[in-house]
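Engineer: Chains C and U are the protein sequences, given in the same order.
When the first sequence is numbered by the numbering used here, its final residue is 721 and no position is left out of the sequence of numbers.
When the second sequence is numbered by the numbering used here, its final residue is 721 and no position is left out of the sequence of numbers.
There are 2 protein chains.
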Amino acid sequence: MYIHIFVFEILLTQMELEKEIQQTNFKSQKHKAVLNILFTASWLGCQQQRFLKEHDISPQQYNVLRILRGQKGNPITVNGIQERMIDRSSNASRLIDKLKEKKLTERVICENDRRQVDIVITKLGLELLKEIDIEMEDEENTFGKITIKEAEELNRILDKLRG
Amino acid sequence: MYIHIFVFEILLTQMELEKEIQQTNFKSQKHKAVLNILFTASWLGCQQQRFLKEHDISPQQYNVLRILRGQKGNPITVNGIQERMIDRSSNASRLIDKLKEKKLTERVICENDRRQVDIVITKLGLELLKEIDIEMEDEENTFGKITIKEAEELNRILDKLRG
DNA sequence: TACAAATATATGTATATACATTTAATGTAT
DNA sequence: ATACATTAAATGTATATACATATATTTGTA
Numbered sequence: 559m560y561i562h563i564f565v566f567e568i569l570l571t572q573m574e575l576e577k578e579i580q581q582t583n584f585k586s587q588k589h590k591a592v593l594n595i596l597f598t599a600s601w602l603g604c605q606q607q608r609f610l611k612e613h614d615i616s617p618q619q620y621n622v623l624r625i626l627r628g629q630k631g632n633p634i635t636v637n638g639i640q641e642r643m644i645d646r647s648s649n650a651s652r653l654i655d656k657l658k659e660k661k662l663t664e665r666v667i668c669e670n671d672r673r674q675v676d677i678v679i680t681k682l683g684l685e686l687l688k689e690i691d692i693e694m695e696d697e698e699n700t701f702g703k704i705t706i707k708e709a710e711e712l713n714r715i716l717d718k719l720r721g
Numbered sequence: 559m560y561i562h563i564f565v566f567e568i569l570l571t572q573m574e575l576e577k578e579i580q581q582t583n584f585k586s587q588k589h590k591a592v593l594n595i596l597f598t599a600s601w602l603g604c605q606q607q608r609f610l611k612e613h614d615i616s617p618q619q620y621n622v623l624r625i626l627r628g629q630k631g632n633p634i635t636v637n638g639i640q641e642r643m644i645d646r647s648s649n650a651s652r653l654i655d656k657l658k659e660k661k662l663t664e665r666v667i668c669e670n671d672r673r674q675v676d677i678v679i680t681k682l683g684l685e686l687l688k689e690i691d692i693e694m695e696d697e698e699n700t701f702g703k704i705t706i707k708e709a710e711e712l713n714r715i716l717d718k719l720r721g
């Protein structure tokens, strides 16, 4: 169940994809779509990284903090976090360690299964997220370039693609 | 011109996004779209990585090789390659070094501007790409889950989003 | 010409990542 | 109960990456 269509041989300057893409001779729209998804994700990731850097956390660390906040107080194990991360990474343990060093998370050993370690977000962690939320709200409209209908359509197609 | 809407607090298991996504209470379809793009790109990247590993090259290295092949014999500088890469990375130099070690590329110093280094793909590099092409062709239909019309629509929306 | 600014590439360094292995706790079959 | 497999988390190690800086060359300008 692999997907192996990756056509990168066309010239693509980061900032000019939208222009270039019209001139290209991609073998097909599908190939172009794969490239477009990877490219757009990289573009989004870049923005995110630059923004979060001001708060001294990586996108991965931010991702984990959001997962923890989403738990609304319920603990979640290291494994649980790993499964929910955007980039499946085998380093959830070390990643959480970094967050602990920054006093943003805490570890609690499960009494019923002492192999497991429950992770919770600290008050400081929640405050950091709140701070980031506020800053992000101002910028949210930047994403207004597509309509809600288009966003829905985008989601539908991406889901189908992976489905 | 940043994009800062990243809602990750919903539970998302890699293999089950398509199920989970229907149950989620994302703030909006737009937020969901950002997550969906990042997630799908990660999913695509994973497939790619596992496949390419059998040929002992990384996705980034593969990306560079395709760019070089796309040059159809014309040389391209390190900087030129860097601009065209999917993941803007400041390490094009070292990346190309790895390819050189594997005899897949060669460096040629430009005579008209001796700061520049022209890179070309070797016969061995082209052979490797050919080999990968053949293996990929068998799998291409896997990407047939969306129609060409949908692929076009996907491209249109992604372009608009970045535009 | 001389000399500062700009450009292309390479490198130093700290951190992040992938992948394999280890450690500890639990489950299961005999 | 004992032995073996399984699971959760942590760690070792090689490689990759980001970011800053260095080096060499070219360009622009007084």
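Cβ coordinates follow ideal geometry from the N, Cα and C atoms, glycine included.
(1) Would you verify that the beta carbon of GLN587(C) is, or is not, closer than 8 Å to some beta carbon of chain U?
(2) Report buried or exposed for GLN607(C), applying the criterion of at least 16 other Cβ atoms within 10 angstroms of its Cβ.
(3) Exposed or buried, THR705(U), counting other C-beta atoms within 10 Å across all chains shown (16 or more means buried)?
(4) With distances taken from CA atoms, which of PHE609(C), GLN605(C) and ARG646(C) is nearest VAL622(C)?
(5) Please tell me whether GLY631(C) has its Cβ less than 8 Å away from any Cβ of chain U.
(6) So is ASN725(U) buried or exposed if we call it buried at 16+ other beta carbons inside 10 Å?
(7) Listed in chain order, which residues of the region 590-608 of chain C have Cβ atoms closer than 9 Å to some Cβ of chain U?
(8) For ILE692(C), count neighbouring C-beta atoms within 10 Å of its own C-beta (all shown protein chains included) and say buried if the count is 16 or more, exposed if not.
(9) Within the continuous alpha helix (DSSP H) that includes ARG624(U), where are the two ends?
(10) Would you say ASP676(U) reaches chain C, if we count a Cβ-Cβ gap shorter than 8 Å as a contact?
(11) What is the C-beta distance between ILE679(U) and HIS613(U), in whole angstroms, given that I count them as a contact (C-beta under 8 Å)?
(12) Whole-angstrom Cβ separation of LEU596(C) and LEU602(U), contact assumed at under 8 Å?
(13) Where GLU710(C) and GLN587(U) are concerned, what is the direct C-alpha to C-alpha distance, given to the nearest angstrom?
(14) Use the C-beta contact count for LYS611(U): other C-beta atoms within 10 angstroms, 16 or more gives buried, fewer gives exposed.
(15) Within 10 angstroms of its Cβ, does THR598(U) collect 16 or more other Cβ (buried), or is it exposed?
(16) Consider the Cβ of GLY721(U): report whether some Cβ of chain C lies at a distance smaller than 8 Å.
(17) Which word fits LYS590(U), buried or exposed, when buried means at least 16 other C-beta atoms lie within 10 angstroms of its C-beta?
(18) Taking DSSP as the reference, what is the three-state secondary structure of ARG714(C)?
(19) Just to confirm the assignment, what range does the beta strand (DSSP E) spanning ILE679(U) have?
(20) Whole angstroms are fine: how far does the CA of ASN632(C) sit from the CA of ARG665(C)?
(21) Give the residues of chain U in contact with ALA650(C), contact being defined as C-beta atoms less than 9 Å apart.
(22) So what's ARG665(C) in DSSP terms, helix, strand or just coil?
(23) Name the one or two DSSP bridge partners that THR635(C) has.
(24) To the nearest angstrom, how far is it from the Cα of ILE644(C) to the Cα of TYR620(C)?
(25) Is the CB-CB distance between CYS668(U) and ASP655(U) below 8 Å?
(26) Counting only beta-carbon separations shorter than 8 Å, does ASP645(U) have a partner in chain C?
(27) Quick one: is LYS681(U) near chain C, going by C-beta distance under 8 Å?
(28) Tell me, please, whether the CB atom of ILE639(U) is closer than 8 Å to any CB atom in chain C?
(29) Anyone know if the C-beta pair for GLY683(C) and LEU712(C) falls short of 8 Å?
Structural biologist: In terms of the structure at hand:
(1) So, interface residue.
(2) Residue burial annotation: GLN607(C) is exposed, with fewer than 16 other C-beta atoms found within 10 angstroms of its C-beta.
(3) If you draw a 10 Å sphere on the C-beta of THR705(U), you find fewer than 16 other C-beta atoms in it, and that means exposed.
(4) Its Cα nearest to that of VAL622(C), the residue ARG646(C) stands out among PHE609(C), GLN605(C) and ARG646(C).
(5) Look at GLY631(C): its C-beta is not under 8 Å from any C-beta on chain U.
(6) For chain U, the structure presents residues 559 to 721; residue 725(U) sits outside this window and is missing.
(7) From the region 590-608 of chain C, only LYS590, ALA591, VAL592, LEU593, ASN594, ILE595, LEU596, PHE597, THR598, ALA599, SER600, TRP601, LEU602, GLY603, CYS604, GLN605, GLN606 and ARG608 have a Cβ closer than 9 Å to chain U.
(8) By the neighbour-count rule (16 or more Cβ atoms within 10 Å), ILE692(C) is not buried but exposed.
(9) Membership of ARG624(U) in the alpha helix (DSSP H) is indicated by the continuous run 617-628.
(10) Closer than 8 Å: no.
(11) Going by Cβ atoms, the distance from ILE679(U) to HIS613(U) rounds to 15 Å, so no, they are not a contact pair.
(12) Rounded to whole angstroms, the Cβ separation of LEU596(C) and LEU602(U) is 6 Å, and the two are in contact under 8 Å.
(13) C-alpha separation (whole angstroms): 6 Å.
(14) Exposed, because fewer than 16 other Cβ atoms sit within 10 Å of the Cβ of LYS611(U).
(15) That one is buried.
(16) True, the Cβ-Cβ gap to chain C drops below 8 Å.
(17) Burial check for LYS590(U): the Cβ neighbour count within 10 Å reaches 16 or more, so the residue is buried.
(18) Three-state DSSP puts ARG714(C) in a helix.
(19) 675-679 is the extent of the beta strand (DSSP E) around ILE679(U).
(20) Near 13 Å, if we compare the C-alpha coordinates of ASN632(C) and ARG665(C).
(21) In chain order: nothing, as chain U lies at least about 13 Å away.
(22) Reduced to three states, the DSSP call for ARG665(C) is strand.
(23) Looking at the DSSP assignment, THR635(C) forms a beta bridge with ASP676(C).
(24) In a straight line, the C-alpha of ILE644(C) is about 11 Å away from that of TYR620(C).
(25) No, Cβ-Cβ distance for CYS668(U) and ASP655(U) is not below 8 Å.
(26) Interface with chain C (8 Å Cβ-Cβ cutoff): ASP645(U) is included.
(27) Taking CB atoms only, LYS681(U) has no neighbour in chain C less than 8 Å away.
(28) No - not a single Cβ of chain C is within 8 Å of the one on ILE639(U).
(29) For the 8 Å CB-CB criterion, GLY683(C) and LEU712(C) do not form a contact.
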